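Asker: Before I ask anything, let me first share the structure, which is written out below as structure tokens.
Chains as they are written, first to last, in the working numbering: chain X, 1 to 258; chain W, 1001 to 1258; chain E, 2001 to 2258; chain Y, 3001 to 3258.
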């Protein structure tokens, strides 16, 4: 694994045209740069702050479209699940089950994901440190599944900000699993009075470079051809037109550290 | 409501004898001090850090025993639920459904709890501020249930500590709902390398007095006749023999502020 | 010492008429409520974020006016010093030398203050916990001065907020010294883009009640007859007309806890 | 300025032999790697937590030795000052006056440093964000000195930990000044019950790589041939024998990002 891998796509499955466009463009960029690419989109958003936010097209429509992307472009795919009874169903469509950060300690959910035999990618709670993620890894391994990945996505810093503690990259690597930096959600600004989480997408480059420099194995980046009209998380997504240049820079940093 | 109310009991249903003993003693104390009393015990612990920790006797045994306590001592009861499909079942046994702090933004869970028609007590996430809890209140109210309560249980302060921000008491009161201080879990010390959350129970008095002084409507205190042998959260529970003296002090503070 | 004591006055010496008015009114209130009263005003503001902020009338004018207040109303007085060479001079005019929170670890300053023989009141750094303040106490005691007090003023919580951790009240009391809550500066909101620290004065009641309930020996409250036109820290000062009612409430809480 | 620069040396001037040895070895490494090198040592430690800690050989001895190092190896030098009256004296011996993080808002100190005409390097307070450091820059510039640098050294994260927020690197660069990462003090673990600040020197590589990747212009690293016997800050200093390999890695990262 000489290069880092990339998990990328829109925040949520908004429609077929959109996911196909994104997968097409990102897979071409990644092929050229020799970056293994995993397509990501949520089929449901289960923990919006504000009940009025968009939560998806319906689970079966969303999962079908994610699978279609994978089949069409020959890509592994990932999405997040939110309750133990979703695991088996989602596993029919996707290759990597992602556990949301708020739910990273829900034992039932971790075990249900593990039992599908799929890769399980656990996002580190925004209130945990890297060493304590060993317990999540162990819960999955004890359920008979050794295909675990961990994702850093920042820690709460006061009420309305997140900070990424890069010590967590080597600390999580010590658990013997691939470590991913979620560049998108690490830039969230929670607890905004609007009920819509803010963000700061022009810092994605900073977050990503530091992650690669400190040894991250993969990056997670939400991207959209028009973040301003995205149905979820528009404040944080990278404009798709900026992805290629960013990845080129990151490949250079990667080569400097391996 | 001249006095504050008390939610108290063991962390988890360990057995019939224990819950009966606790309910008996606490209800006598509360009757004497004119403190409305709600019996609390978890029937399942779903988010232990370490998979080896005790998680309960089985849901139906646990719920049965909680109901028996309520019937025997004529007490309202509460317990926490962890997934939307538990709500309807738990509602057959208990009067107040408590939503765990890590799950306070899971819309499905909040709505399922709301739809039982029972009182819903949402614990504030350890990463949220009081004003942002208005979105949880609204999710429940929009599901047709106005019986909402909010519970403060501290905010993450670095990786291994919690701090209680008492500004959240008046801030949450502004949402027009009763506000409870969870004196037990506010003293947790998370992310300990052992995988067992530490604590500091001799500070319960400090946490509780400040809560009553700043206008909390209720207190949540886990108590046990022998915390050293408790099967869960022994590090934080108040020794049952110390409860009466504590409550006497708190009643005096309450009278000074109303 | 049945009651708590009060350190109060304007943030900075703005002029003779103002300090006399405040001392007159506050001393009458405190006499009636049997609250020992210490007059406070800064003669210089040494650490304004923004160099354009008001920093005082000049040291000798400021110190003279503080002394005049003390002599006129028969009150002990206090002010803050910022460098070791100020200690001896300030000690000629005031009774309690206050060490600013940012400077609480500057050994030279602590020793110079100690050597005046005056009472030394060290504000806890916004980055320290109560137990670690024992080192400040020891530095002063080893310089031959046992008249030490410690003041809580909140801890940084993210970049733009402070939170008061009331565990620090009993923790600092364990050092065997009086513990004071600075209700004014605990409500600051630092790092505002304007360069002027914001605040939230309507939470003073919350901060003060929790402090008295948890055992604080004294309170520090900046007050002004017209905070909106104050030359420094107007965002945090309590309107003088609200002081009497607040203190009446606090006396009731005090009686409930001693 | 194709390469980053390095500020390095022992925490404090312990003796002539030691400072000469360090300067000799580091200057050879830096010459080979084309890294501009500034020799650093403190001549006095003014804010030890514990009064019993070593504070230096005496100011004039310390300053003389720093100057001797600069003259002998033809290096620019730096040290920290702690009170405004030290600025003029220190400026006779050293080239860059460093302002400690706790003191970064002391206006008198910043102005006294500025008025020497030397370069002034202000360490960002562990409680400030990058944008708010513009006020420190302005105070120095308004005193007629445009030679300002800013140093990141981590932010308090709970009571006993620091975290480096790499967003501060680009944020401080926006003030138009060189930005330095203090790799040593960013790893401190404050508020330890011993009164001696702990640390974690094996994370220096992580801190330094992320800094260079995100655009830092310089690095600050305390180094010692035998940290275990160092008279100050031994817990954080890099073993001198590890410096060359670290710098080689960092030069590669630097080339990847410029």
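Beta carbons are placed, not taken as given, at the ideal position from N, Cα and C, and that holds for glycine.
Just so we're clear, the structure is a prediction, and the values are computed from it rather than from any experiment.
1) Is the beta carbon of residue 224 (chain X) closer than 8 Å to that of residue 10 (chain X)?
2) Given that residue 2255 (chain E) touches chain W, what residues does it touch there, using C-beta distances under 8 Å?
3) Would you call the region 2199-2215 of chain E in contact with the region 2011-2027 of chain E, where contact means no fewer than 3 C-beta pairs closer than 8 Å?
4) When you compare each of W:1046, W:1061 and W:1034 to residue 1013 (chain W) by their alpha carbons, which one comes out closest?
5) What are the residues of the region 180-191 of chain X that lie near chain W, defined by any Cβ-Cβ distance shorter than 9 Å?
6) Residues of chain B with CB closer than 7 Å to the CB of residue 2159 (chain E), please, in chain order.
7) What residues match up with residue 1005 (chain W) in a beta bridge as DSSP calls it?
8) Residues of chain E with CB under 7 Å from residue 3047 (chain Y), in chain order?
9) Using alpha carbons as the reference points, say which of E:2095, E:2005, E:2104 and E:2170 lies closest to residue 2034 (chain E).
10) Any idea what DSSP makes of residue 39 (chain X), helix, strand or coil?
11) Measuring straight from C-alpha to C-alpha, what distance separates residue 3154 (chain Y) and residue 3102 (chain Y)?
12) Return the chain-ordered list of same chain residues with a C-beta closer than 8 Å to the C-beta of residue 169 (chain X), the five sequence neighbours on each side being excluded.
13) Here's the rule: buried if 16 or more other CB atoms are within 10 angstroms of the residue's CB, otherwise exposed. What is residue 233 (chain X)?
14) Relative to the alpha-carbon of residue 72 (chain X), which residue among X:108, X:17 and X:32 has its alpha-carbon at the smallest distance?
15) Exposed or buried, which one is residue 2165 (chain E) when buried takes at least 16 other CB atoms within 10 Å?
16) Quick one: what's got a C-beta closer than 7 Å to residue 3161 (chain Y)'s C-beta in the same chain, skipping five residues either side?
17) List the residues of chain Y whose Cβ lies closer than 7 Å to the Cβ of residue 153 (chain X), in chain order.
18) Tell me which residues share the same chain as residue 1139 (chain W) and place their Cβ nearer than 8 Å to its Cβ, disregarding the 5 neighbours each side in the sequence.
19) Output the distance between the C-alpha atoms of residue 2239 (chain E) and residue 2246 (chain E), rounded to the nearest integer angstrom.
20) Tell whether a beta-carbon distance below 8 Å holds between residue 3099 (chain Y) and residue 3079 (chain Y).
21) Figure out for me which residue from W:1191, W:1229, W:1219 and W:1171 has the closest Cα to the Cα of residue 2203 (chain E).
22) Round the Cβ separation of residue 2257 (chain E) and residue 2003 (chain E) to the nearest angstrom and send it over; I've been treating them as touching at under 8 Å.
23) In chain order, what residues of the same chain have a beta carbon less than 6 Å from the beta carbon of residue 36 (chain X), not counting five sequence neighbours either side?
24) Does the Cβ-Cβ distance between residue 2124 (chain E) and residue 2133 (chain E) come in under 8 Å?
25) Could you spell out the range, first to last residue, of the alpha helix (DSSP H) harbouring residue 59 (chain X)?
26) Based on DSSP bridge pairs, tell me the residues matched to residue 232 (chain X).
27) What are the boundary residues of the alpha helix (DSSP H) that residue 17 (chain X) is part of?
28) What is the rounded straight-line gap between the Cα of residue 1025 (chain W) and the Cα of residue 1008 (chain W)?
29) Whose C-beta lies closer than 7 Å to the C-beta of residue 3065 (chain Y) among residues of the same chain, with five residues either side of it excluded?
30) Three-state secondary structure (DSSP) at residue 251 (chain X)?
31) From residue 1085 (chain W) to residue 1230 (chain W), what does the alpha carbon distance come to, in whole angstroms?
32) From the DSSP output, in three-state form, read off residue 3156 (chain Y) for me.
33) Which of the three DSSP states is assigned to residue 123 (chain X) in this structure?
34) Residue 3032 (chain Y): buried (16+ other C-beta within 10 angstroms of its C-beta) or exposed?
35) Is it the case that the Cβ atoms of residue 2946 (chain Y) and residue 3187 (chain Y) are separated by a distance below 8 Å?
Answerer: So, from the data block:
1) yes
2) 1256, listed in chain order.
3) Judged by Cβ distances under 8 Å, the region 2199-2215 of chain E makes no contact with the region 2011-2027 of chain E, as fewer than three pairs qualify.
4) It is W:1061.
5) Hits within the stretch, in order: 190 and 191.
6) The question asks about chain B, but that chain is absent: this structure's protein chains are X, W, E and Y.
7) W:1218
8) In chain order: 2105, 2106 and 2107.
9) E:2005
10) strand
11) Approximately 12 Å, taken between the alpha carbons.
12) 130, 152, 179, 181, 211, 214, 215 and 216
13) buried
14) X:17
15) buried
16) 3189
17) Within 7 Å Cβ-Cβ: nothing; residue 153 (chain X) doesn't reach chain Y, min ~15 Å.
18) 1107, 1110, 1111 and 1114
19) 11 Å
20) no
21) When each option's Cα is compared against that of residue 2203 (chain E), the closest is W:1171.
22) That pair is no contact at about 12 Å.
23) 5
24) yes
25) 59-73
26) DSSP output for residue 232 (chain X) lists no bridge partner at all.
27) 16-33
28) 11 Å
29) 3013, 3016 and 3019
30) Three-state DSSP puts residue 251 (chain X) in a helix.
31) Taking the straight line joining both Cα atoms gives about 29 Å.
32) strand
33) strand
34) exposed
35) Residue 2946 (chain Y) cannot be examined here, being either before or after the span of chain Y that is shown, 3001 to 3258.
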